[in-house]
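J.:
There are 4 protein chains.
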Amino acid sequence: MINIGILGLGRIGRIHLENLSTRIEGVRVLAAMNPSEEGRKFAQKFNVPLITSNADDVINHPDIDAVLICTSTNVHADYLIKVARAGKAIFCEKPLDLSLQKVRETLSVVKQSGVPLMLAFNQRLDPNFQEVKQALLKGRIGKLRSIHIISRDPGPPPIPYIKASGGLFLDMTIHDFDMARYLVGDEVKEVFARGHNLVDPEIGKAGDIDSAYVMLTFNNDVTVVIENCRHASYGYDQRLEVFGSEGMMKAENPLKTTNWVMDKEGVHLSRNLDFFIDRYAESYRLEMKVFIESLEQKIPMPITGEDGLSAMLIALAANISVKENRVVKIEELLG
Amino acid sequence: MINIGILGLGRIGRIHLENLSTRIEGVRVLAAMNPSEEGRKFAQKFNVPLITSNADDVINHPDIDAVLICTSTNVHADYLIKVARAGKAIFCEKPLDLSLQKVRETLSVVKQSGVPLMLAFNQRLDPNFQEVKQALLKGRIGKLRSIHIISRDPGPPPIPYIKASGGLFLDMTIHDFDMARYLVGDEVKEVFARGHNLVDPEIGKAGDIDSAYVMLTFNNDVTVVIENCRHASYGYDQRLEVFGSEGMMKAENPLKTTNWVMDKEGVHLSRNLDFFIDRYAESYRLEMKVFIESLEQKIPMPITGEDGLSAMLIALAANISVKENRVVKIEELLG
Amino acid sequence: MINIGILGLGRIGRIHLENLSTRIEGVRVLAAMNPSEEGRKFAQKFNVPLITSNADDVINHPDIDAVLICTSTNVHADYLIKVARAGKAIFCEKPLDLSLQKVRETLSVVKQSGVPLMLAFNQRLDPNFQEVKQALLKGRIGKLRSIHIISRDPGPPPIPYIKASGGLFLDMTIHDFDMARYLVGDEVKEVFARGHNLVDPEIGKAGDIDSAYVMLTFNNDVTVVIENCRHASYGYDQRLEVFGSEGMMKAENPLKTTNWVMDKEGVHLSRNLDFFIDRYAESYRLEMKVFIESLEQKIPMPITGEDGLSAMLIALAANISVKENRVVKIEELLG
Amino acid sequence: MINIGILGLGRIGRIHLENLSTRIEGVRVLAAMNPSEEGRKFAQKFNVPLITSNADDVINHPDIDAVLICTSTNVHADYLIKVARAGKAIFCEKPLDLSLQKVRETLSVVKQSGVPLMLAFNQRLDPNFQEVKQALLKGRIGKLRSIHIISRDPGPPPIPYIKASGGLFLDMTIHDFDMARYLVGDEVKEVFARGHNLVDPEIGKAGDIDSAYVMLTFNNDVTVVIENCRHASYGYDQRLEVFGSEGMMKAENPLKTTNWVMDKEGVHLSRNLDFFIDRYAESYRLEMKVFIESLEQKIPMPITGEDGLSAMLIALAANISVKENRVVKIEELLG
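Chains as they are written, first to last, in my numbering: chain A, -6 to 328; chain B, -6 to 328; chain C, -6 to 328; chain D, -6 to 328.
1. Applying a beta-carbon distance threshold of less than 9 Å, which residues of chain A neighbour C:Lys257?
2. Do the CB positions of D:Ser314 and D:Ala186 come within less than 8 Å of each other?
3. Name, going along the chain, the residues of the segment 204 to 221 of chain A whose beta-carbon falls closer than 8 Å to a beta-carbon of chain D.
4. For C:Leu130, count neighbouring Cβ atoms within 10 angstroms of its own Cβ and tell me buried if that reaches 16, exposed if not.
5. Go ahead and pull the three-state DSSP assignment for D:Leu2.
6. Check the C-beta distance from C:Gln17 over to C:Lys282 and give it rounded, since I have them as a contact under 8 Å.
7. For D:His261, would you say it is in contact with chain B, using Cβ-to-Cβ distances shorter than 8 Å as the test?
8. So if DSSP puts B:Ser144 in a beta bridge, which residue, or which two residues, is it bridged to?
9. Rounded to the nearest angstrom, how far is the Cβ of A:Ile285 from that of A:Gly3, given a contact under 8 Å?
10. Between which two residues does the beta strand (DSSP E) carrying B:Asp256 extend?
11. Cutting at 6 Å between CB atoms, please list the residues of its own chain near A:Ile152, excluding the five before and the five after it.
12. With the cut-off set at 8 Å, would you say C:Val181 and C:Leu209 are in Cβ contact?
13. Residues of chain B with CB closer than 8 Å to the CB of C:Glu239, please, in chain order.
14. What are the boundary residues of the beta strand (DSSP E) that includes A:Tyr206?
15. Give me the DSSP bridge partner(s) of C:Val184.
16. Looking at the secondary structure, which residues open and close the beta strand (DSSP E) in which B:Thr45 lies?
17. Please go through the same chain and pick out, in chain order, the residues whose beta-carbon is closer than 6 Å to the beta-carbon of D:Asp179, but skip the five residues on each side of it.
18. Between A:Leu191 and chain D, is any beta-carbon pair separated by less than 8 Å?
19. What residues from chain C crowd round D:Glu124, counting only those whose CB sits closer than 7 Å?
20. Have a look at B:Arg133, B:Gly132, B:Ser92 and B:Pro28 and flag the residue whose alpha-carbon is nearest the alpha-carbon of B:Ser158.
21. Around the C-beta of A:Leu262, are 16 or more other C-beta atoms found within 10 angstroms, so that it is buried, or is it exposed?
22. In angstroms, rounded to a whole number, what distance separates the CA positions of B:Leu222 and B:His69?
23. Closer than 8 Å is the cut-off here; do at least three beta carbon pairs connect the segment 170 to 177 of chain B with the segment 105 to 123 of chain B?
24. Under 7 Å, CB to CB, which of the residues in the segment 89 to 121 of chain B have a partner in chain A?
25. Compare the C-alpha of D:Arg78 against each of D:Leu110, D:Ser65, D:Cys63 and D:Thr64 and name the closest.
26. Considering only the alpha carbon of each residue, which of B:Val60, B:Ser106 and B:Val215 lies closest to C:Asn190?
27. Comparing the C-beta of C:Pro194 with each C-beta of chain D, is any distance below 8 Å?
28. Have a look at A:Glu98 and A:Tyr277 and give me their C-alpha separation to the nearest angstrom.
29. Anything in chain A within Cβ reach of D:Asn246, meaning under 7 Å, just list it in chain order.
30. So, are the CB atoms of B:Asp146 and B:Ala24 less than 8 Å apart?
31. Just the Cα atoms here: how many angstroms apart are A:Gly107 and A:Glu299?
32. Identify every residue that forms a DSSP beta bridge with B:Gly259.
33. Report buried or exposed for A:Pro42, applying the criterion of at least 16 other Cβ atoms within 10 angstroms of its Cβ.
34. Can you give me the start and stop residues for the alpha helix (DSSP H) that B:Val192 sits inside?
35. According to DSSP, is B:Ile83 helix, strand or coil?
36. Out of A:Lys81, A:Lys34 and A:Glu183, which has the shortest C-alpha to C-alpha gap to A:Glu324?
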């Protein structure tokens, strides 16, 4: 039985708590840190023995094996260091931090402490994308030539969120950069990116872009094209397509229902799921399952802090590429 | 806050317990009757205060407002009467009973007691089929002309189950008969049915058919065609199609993933969901939600014991039709 | 080089002329009988050497090997006999005639003459349905259990056409009866049919139905369900589905384009093809190709007069079934 | 009645001849230049009065209004000048020539002559893509943000063809560059392109690439991403997707049939059409129709020589971009 503590019971913390309590075997949540009354009520529903507003009660709890860091980004690094020093395994929501320097320092501390760290790139665990990854590994489409990723949100977040987000590439495209690395199984060599402010002029005034087109060239000559937008009138759009010497595989958007209406105008199908929580519900459960299994079997975590760092470097290169309208080599950021 | 007791914590009882505990507001489960250790553990996970092996502890619990009957079919009628007499609202799994006489008597007792009774024709609450029903009500396809329902299981149940099931029409097609009545919004006038033993000769030896084709004519001249089979190599197949003067609407099977593989043979999509528990997961949650809401708002239950009786009459007419190879009028069974 | 004569240059005669002239090798059209100026112009475009208003010029033309009968139904039988007696091969549009007696007599004459006769059940040659037939022959779906055919027209023909048509089953369902026989590869034992007048009361006044539901039981216990309607607001609807022990195969409607529009309402696809001439264009070409190849290779015609007779018997049984609301055995019509 | 002469009866010349002869009203083909016996036979089938091996017989034919140039590329420019000087309207297959200088000179001569010239970017007339263009014009998807075009051939052409082709961008992507300009309705400002030799090393040895990824930025900030490959194991892949403020529209590949097979592995659909002649059959007919209508109505041609020049400039910029791994501005080529 693995004993878990949770820091933060916002939207994502609650999802993990519910999954751990009801949909995964061999684990229980012993403590949760959350100052809000709403969070407390939620935790009570699942019988969490210790509900506290003091993170240290969780971090230093003698029976707890692993801690989930689900707080706001600005305290991720501090908690990572604290939990690592307490010798507990860590599951941390992304991003580790918005400062490259701080990410490097934090990962260094975690590494020294020797505790396992899994980073929450949940999209890797989406059953559709998992099937694509497994197909690639089995050679189902032969030698990989290129990947195309489309990721569009139903609507932009509030401007204050935008301002604190680190920008589109660090906040949104980061998932696609990770997915690209995961599927290609190699590292990015060069980044070319174009960004525009097409959705809302306020986003431009806040210093960010809302639409982006990225071309990644990997060391193995695979090309990944990414298209992002903060707005899609037709709902949350999350697709990808891998193309190889023996075929092609694409992950299409799930629709709300599988109904067809046919009338004199033509055929009408349902809308995309609108909300990432619905779209990726199963991936949240599976990332917990994989985290727990890795702890039980004492095997390396499938998604590491270094994965977070690598995706971050691509995002920073994309920022430079947009600013200078040129190809940026990843090695420029490593000097 | 509605207080619930559950009789039976088999597969379906647990689904209801989990849904009531974690996915529906304004309700709690106060007691569950289940003799098995496995059921007890499951109930503990959700903090059920009273876990007992004595049904009366649940039925007579002073704080309980409503009881879910999720036991095996043979004791449904007894519990229905007991709970009704205890003055609690009832949610009962189908079928009420396999004997027409007993169903009529039980419903009569329930009626006299004045307690609300909802029957678990969960497929009505499936989001796909709900969307079809709502479209019909809104006139989206104009005046309804006909419906086509296909319902096929991945594989037949064990022979002992077949023997105790009441036969294909009462056990499997009953859902389709209810769906037909629900969507048409009228009563069946005539039934024509053909049945064959194509899947497994053992089913024939057990006195049952495994493949059936039914044509229902409703009072309003709408025709419903139903196709059933106890086996579909390609997975659980649950489709329906409604055809009217202004268009057509069909509910297709959800597939396991939304991926497409394209290779030199063509396009390959995922398999149907195999298991009715997965296929209808959301319908189970929604039927609990509707039950609780009907109690809260003190409105009539959307699916009643009489619905169960009506579907049963169609099934019995279908049995006669197959045996005598002729059209059977429902009124023949009402004499 | 096979030399062809054509009787009748209406819609279907012109399709055959164009296909023979431009899309099939090893054949030429030497003569065409057509009294209209429009037909004459069409024939000139394709260099037909002899264009005449006298059918005998075609039938007795010394160089002609085969004659296509594309006139109105009421003279089919006369021309069949004349052409047969002239010793030419025959391709005849369906139906042979509306009178069972006359069909039997005509086929008897054709048989005595020894000339090959191919009947124009063009839908058998549709590439979609051909692929289904080939899959059945190869055992792709295992042992066949049942077939479901949906056939709906965009709108009803004019009332005078209805009156002369022989009724829905002989005019429209006849294609589906033939398809059922073709795909099952066996003969029908019993017919149950229901018919309604739902589309236009004028059709009812003309003594016909416009909506029909048929259940055919074949000698090998395969069931075929057919749904027909003279009106579908969403366009020409021609689908079929075969279900067997190893799987299922369905032929879906081709849509006008393959475009998807996604907007805030959902997904919108194109409309079905509206016109049977477009839907079945390739089948018309292929039936000519098969006719010519059968002549060249001197092999039996793939669709015979007897096929027409068998489909007609099913239609007549369906008429009786609707009238008497009972199962009709085909053997009742053979007595 | 418009009178047409054709230069060249290779694959594409024959398609135009057949379409003009049988599927378009108000036009006839009076003469065709072709030295081969096979071409002569084909022309006879459609009653072409003058079949000659001397192009001048066609160009100077007194009754001919317009000439189709369907010969090999290397003589396009010469014939363009000759036909323009003879005062006939011109329909010319692409490309005009592989030399930018020669294209400019030739277009200058044509312009001076005042004859109409239509360039054969047939894909614009494809019904799927036409529907997309019309939807864009009607604002169906709001303000256009970006376009994504995928164009992959089933297999690479022979190496000698590659060597004479002018390279991937001028030979294959040229269609996509034209489509991008057509759909965006504006001019390209900047080009970024990456090219690889992934399919066949012989193509690399011949100095060409076989896989390309292009990002076009238009003056109006619309981005167009193009993916090309000389090989797709799953058949000819021609898709595009336009994304705007109000929605998205995509053109999917037509499949060979519309059949679904469902078995224990999942769902299996048909393969893409393999051959561009099949995929674009209707576009060839429609480009002839539009050409003839423009002549009849004396309106400007919908696709001009300048369209060819503009697409060529993008291709040349892409060549530089690949070589120098940088963004290339179109204005660099205009200096």
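Quick reminder that beta carbons are idealized off the backbone N, C-alpha and C, glycines included.
T.: Put simply:
1. Counting from one through the third sequence, the residue named residue 257 of chain C turns up at place 264. Chain A residues near C:Lys257: Ser226, Tyr227, Gly228 and Arg264.
2. The count along the fourth sequence starts at 1 and reaches residue 314 of chain D at position 321. The count along the fourth sequence starts at 1 and reaches residue 186 of chain D at position 193. Against a cut-off of 8 Å, the Cβ pair of D:Ala186 and D:Ser314 comes out as a contact.
3. Those would be Ser204, Tyr206, Met208, Thr210, Asp214, Thr216, Val218 and Glu220, in chain order.
4. By one-based count along the third sequence, residue 130 of chain C stands at place 137. Exposed: under 16 other Cβ atoms inside 10 Å.
5. Taking the first residue of the fourth sequence as position 1, residue 2 of chain D is located at position 9. The answer is coil: DSSP assigns D:Leu2 none of H, G, I, E or B.
6. Within the third sequence, numbered from 1, the residue matching residue 17 of chain C stands at position 24. Within the third sequence, numbered from 1, the residue matching residue 282 of chain C stands at position 289. Position check: residue 17 of chain C holds Ile in this sequence, whereas Gln was assumed. Contact between C:Ile17 and C:Lys282 is confirmed by a C-beta separation of about 5 Å, below the 8 Å threshold.
7. In the fourth sequence, residue 261 of chain D corresponds to position 268, counting from 1. True, the Cβ-Cβ gap to chain B drops below 8 Å.
8. Along the second sequence, read from residue 1 onward, the residue named residue 144 of chain B stands at position 151. Beta-bridge analysis with DSSP links B:Ser144 to B:Asn221 and B:Gln231.
9. Translated into positions along the first sequence, residue 285 of chain A becomes position 292. Translated into positions along the first sequence, residue 3 of chain A becomes position 10. Actually they are not in contact, since the Cβ atoms of A:Ile285 and A:Gly3 sit about 21 Å apart, beyond 8 Å.
10. Along the second sequence, read from residue 1 onward, the residue named residue 256 of chain B stands at position 263. Residues Asn252 to Asp256.
11. For the purposes of this step, residue 152 of chain A is taken as residue 159 along the first sequence, with counting starting at 1. Within the same chain, A:Ile152 has close Cβ partners Glu195 and Ala199.
12. Locating residue 181 of chain C in the third sequence gives position 188, counting from the first residue. Locating residue 209 of chain C in the third sequence gives position 216, counting from the first residue. Yes, the pair counts as a contact, with Cβ atoms nearer than the cut-off.
13. Locating residue 239 of chain C in the third sequence gives position 246, counting from the first residue. Result: Ser226.
14. As a position in the first sequence, residue 206 of chain A is number 213, starting the count at 1. DSSP places A:Tyr206 in the uninterrupted beta strand (DSSP E) bounded by Ser204 to Phe211.
15. Counted from its first residue, the third sequence places residue 184 of chain C at position 191. In the DSSP secondary-structure assignment, C:Val184 is bridged to C:Leu209 and C:Val321.
16. Taking the first residue of the second sequence as position 1, residue 45 of chain B is located at position 52. Note, B:Thr45: beta strand (DSSP E), Leu43 to Thr45.
17. For this step, residue 179 of chain D is matched to residue 186 along the fourth sequence. Take D:Asp179, set aside five residues on each side of it, and the residues of its chain with a beta-carbon closer than 6 Å to its own are Phe211, Asn212 and Asn213, in chain order.
18. Within the first sequence, numbered from 1, the residue matching residue 191 of chain A stands at position 198. Flagged as an interface residue toward chain D: A:Leu191, by a C-beta distance shorter than 8 Å.
19. Residue numbering aside, residue 124 of chain D sits at position 131 when the fourth sequence is read from its first letter. Correct list: Thr250 and Asn252.
20. Start at 1 with the first residue of the second sequence, and residue 158 of chain B comes out as number 165. Comparing Cα-Cα distances from B:Ser158 to each of B:Arg133, B:Gly132, B:Ser92 and B:Pro28, the minimum goes to B:Ser92.
21. Looking up residue 262 of chain A in the first sequence gives position 269. Buried.
22. Translated into positions along the second sequence, residue 222 of chain B becomes position 229. Translated into positions along the second sequence, residue 69 of chain B becomes position 76. Residue identity check: residue 222 of chain B is Cys in the sequence provided, not Leu. Inter-residue distance for B:Cys222 and B:His69 is about 27 Å (C-alpha atoms, whole angstroms).
23. Yes, the segment 170 to 177 of chain B is in contact with the segment 105 to 123 of chain B.
24. So the list reads Pro120 and Asn121, given in the order they occur along the chain.
25. For the purposes of this step, residue 78 of chain D is taken as the residue at position 85 of the fourth sequence. Minimum Cα distance to D:Arg78 is reached at D:Leu110.
26. Reading the third sequence from its first residue, position 197 is the one you call residue 190 of chain C. Out of B:Val60, B:Ser106 and B:Val215, B:Val215 has the C-alpha closest to the C-alpha of C:Asn190.
27. If you number the third sequence from 1, residue 194 of chain C lands on position 201. Closer than 8 Å: no.
28. Your numbering for residue 98 of chain A matches position 105 in the first sequence. Your numbering for residue 277 of chain A matches position 284 in the first sequence. Computed Cα separation, rounded: 28 Å.
29. To locate residue 246 of chain D, count along the fourth sequence from 1; it is residue 253. Correct list: empty, because the minimum Cβ distance to chain A is about 11 Å.
30. As a first step, residue 146 of chain B must be located in the second sequence, where it is residue number 153. As a first step, residue 24 of chain B must be located in the second sequence, where it is residue number 31. Cβ atoms of B:Asp146 and B:Ala24: not closer than 8 Å.
31. Here the question's residue 107 of chain A lines up with position 114 in the first sequence. Here the question's residue 299 of chain A lines up with position 306 in the first sequence. The straight-line gap from Cα to Cα measures roughly 14 Å.
32. Position 266 of the second sequence holds residue 259 of chain B. Paired residues: B:Asp256.
33. Translated into the one-based positions of the first sequence, residue 42 of chain A becomes position 49. The residue in question, A:Pro42, is exposed, as its Cβ has fewer than 16 Cβ neighbours within 10 Å.
34. Position 199 of the second sequence, counted from the start, is the residue given in the question as residue 192 of chain B. No alpha helix (DSSP H) holds B:Val192; DSSP gives it neither H nor E.
35. The count along the second sequence starts at 1 and reaches residue 83 of chain B at position 90. In this structure, B:Ile83 counts as strand in the three-state DSSP scheme.
36. For the purposes of this step, residue 324 of chain A is identified with residue 331 of the first sequence, where counting begins at 1. That would be A:Glu183, whose Cα lies nearest to the Cα of A:Glu324.
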